[in-house]
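Asker:
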Amino acid sequence: MPQCPPQPSDIPAWVQAVGSILAILISVGIATWQARKAQSQTLFGIEQQRRADHLRSATTLIEIAKAASNVQRHVGSKFLSRAAISKAALDRLPFDMPEVLALERALNKIEIHLLPAELVTLALIVAATFRQFRIKVEMALDTHSQMDAAAFDDFFNVIMQIQESMRITVTDLENQLATLRQ
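Using the working numbering, the first residue of the sequence shown is number 24, and each one after it goes up by one.
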């Protein structure tokens, strides 16, 4: 089949056809680029929101841990001698023990799965340390009259160790938060 050379009147139609095809290809390329850019921005926004949520959770955990440490020091200061323990056992610390119980509940309500992975172990340590403190205080209040000198010495040592453990854990939490903020 012989081909006819294009007529000069057909050239504008060919230019228009090629131009239309190029315009379609360019618009598909632009649409693809815009979709990728939008997806990238969405993922960046989600990551920023996740990071902000982690920082908020971490800051809340640290504030609760600091409050627990302060309550430990405050209540612990009422147990500096045998006589002080006996005196505290008479009224069972009506203003302090509710605070201890409230903080323990707050620590137990922390949603561990929402914390950054770096803080999970420290959050569990804070809760366990404070729980041990409460148990030890309640034991002393309940059994102070049966405790001998060795039991009192053990109580004083354990309370000091628990307070030191909480202080160290709070410091570790603050260091982790500083790392997360970078």
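Quick reminder that beta carbons are idealized off the backbone N, C-alpha and C, glycines included.
Within the 7 Å Cβ cut-off, does Q199 reach chain B?
Answerer: This model lacks chain B altogether; it includes just one protein chain.
Asker: Give the DSSP-derived three-state secondary structure of F153 in the structure shown.
Answerer: Residue numbering aside, residue 153 sits at position 130 when the sequence shown is read from its first letter. Helix at F153.
Asker: What is the DSSP secondary structure of P121, counted as helix, strand or coil?
Answerer: Translated into the one-based positions of the sequence shown, residue 121 becomes position 98. Three-state DSSP puts P121 in a helix.
Asker: Is the distance from the Cβ of S109 to the Cβ of T152 below 7 Å?
Answerer: Position 86 of the sequence shown, counted from the start, is the residue given in the question as residue 109. Position 129 of the sequence shown, counted from the start, is the residue given in the question as residue 152. No, the pair does not count as a contact, with Cβ atoms beyond the cut-off.
Asker: To the nearest whole angstrom, what separates the beta carbons of V149 and A88, a pair I think is in contact under 8 Å?
Answerer: Here residue 149 refers to the residue found at position 126 when the sequence shown is read from its first residue. Here residue 88 refers to the residue found at position 65 when the sequence shown is read from its first residue. Yes, V149 and A88 are in contact; Cβ-Cβ is about 5 Å, under 8 Å.
Asker: So, helix, strand or coil for P31, using DSSP?
Answerer: As a working note, residue 31 is residue 8 in the sequence shown. The answer is coil: DSSP assigns P31 none of H, G, I, E or B.
Asker: Going by CA-CA distance only, name the one from D165, L78, A174, F118 that's closest to V94.
Answerer: Position 71 of the sequence shown holds residue 94. Answer by Cα proximity: F118.
Asker: Helix, strand or coil for Q186? Go by DSSP, reduced to three states.
Answerer: The residue given as residue 186 occupies position 163 in the sequence shown. Three-state DSSP puts Q186 in a helix.
Asker: Could you check whether the region 187-204 touches the region 128-146, counting it as contact only if at least three pairs of C-beta atoms, one from each stretch, sit closer than 8 Å?
Answerer: Yes, they touch.
Asker: Going by the C-beta, is A88 closer than 6 Å to any heavy atom of the ligand COA?
Answerer: Although the ligand COA was asked about, the structure shown includes no ligands whatsoever.
Asker: Using the beta-carbon count (16 or more within 10 Å), is I53 buried or exposed?
Answerer: The residue you call residue 53 lines up with position 30 of the sequence shown. Looking at its Cβ environment, which holds fewer than 16 other Cβ atoms inside 10 Å, I53 is exposed.
Asker: Alpha carbon to alpha carbon, how far is I34 from P28? Give it in angstroms, no decimals.
Answerer: Locating residue 28 in the sequence shown gives position 5, where the first residue counts as 1. Locating residue 34 in the sequence shown gives position 11, where the first residue counts as 1. When rounded, the distance between both Cα atoms is 11 Å.
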